[in-house]
Amino acid sequence: MKEKLYTIPLMDAFHAEDECPFCFIERSLEQNALDFILGTAYMESDIREKTDQLGFCRHHLSMMFDYGNSLGNALMLKTHCIKINEELANEFKNFKPAPKASLTDRLRKKVPSDESQKNSLSRFLSEKEKSCYLCDYNKETYQRYMDTFFYLYQTSPEFIEMIRQSKGFCLHHL
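Just remember that the numbering used here sits 16 ahead of the position in the sequence shown, which is counted from 1.
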């Protein structure tokens with residue numbers, strides 16, 4: 017089967033003879049994303065704007081520290097913390113407590129959902145906690161690989177044979 021630029025990562029995953037090609041892709045994506053963000057990308061203004069806005073989840077922040085680029089981590093976290101402090105100051109300025117359910121509403125069991133009971137500050141913090149540049153980057157790239165996988169599955173008999181010859185997929189990726 018002739019490889020094209022967009023099929024190379026998928027073919028590499030199947031040729032690696034890993035237990036699951038999709039697990040291999042996920043690990044590779046995560047490592048490549050770390051190499052990218054802690055390489056020269058942290059000096060690019062468009063990337064820094066995105067990392068300032070989105071931040072990083074606990075998992076990826078831990079991986080970034082383990083990666084060892086102290087300067088890259090420091091620069092990204094410094095500007096991200098400045099951005100968060102500005103946003104938090106604005107949230108504090110506009111803070112309004114969440115409305116409480118009245119006694120009659122509670123007796124009638126017309127209590128609003130947990131999400132609607134949150135105040136603006138807790139909603140802001142929940143959104144920030146769920147936001148991660150690397151998770152988004154990996155998710156977008158992984159989706160393109162899945163599109164390529166199904167395209168090849170529909171159009172290439174050689175690819176189907178490659179799947180048959182592989183070790184299969186893990187339970188998570190079945």
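Every residue gets a Cβ at the ideal spot worked out from N, C-alpha and C, and that includes glycine.
Query                                                                                                   : Result
Proximity of residue 50 and residue 27 at Cβ, strictly below 9 Å                                        : no
C-beta contact flag for residue 112 and residue 136 at 9 Å                                              : yes
Inter-residue spacing [alpha-carbon to alpha-carbon] between residue 169 and residue 157                : 18 Å
C-beta atoms of residue 83 and residue 54 nearer than 9 Å                                               : yes
Close Cβ partners of residue 29 (< 8 Å) along its chain, the five nearest in sequence each way excluded : 37, 38, 40, 41, 44
DSSP three-state assignment for residue 31, whether helix, strand or coil                               : helix
Residue 111 - DSSP class collapsed to helix/strand/coil                                                 : coil
Rounded C-alpha distance that separates residue 46 from residue 120                                     : 51 Å
Minimum C-alpha distance to residue 101 - residue among 171, 69, 181, 48                                : 69
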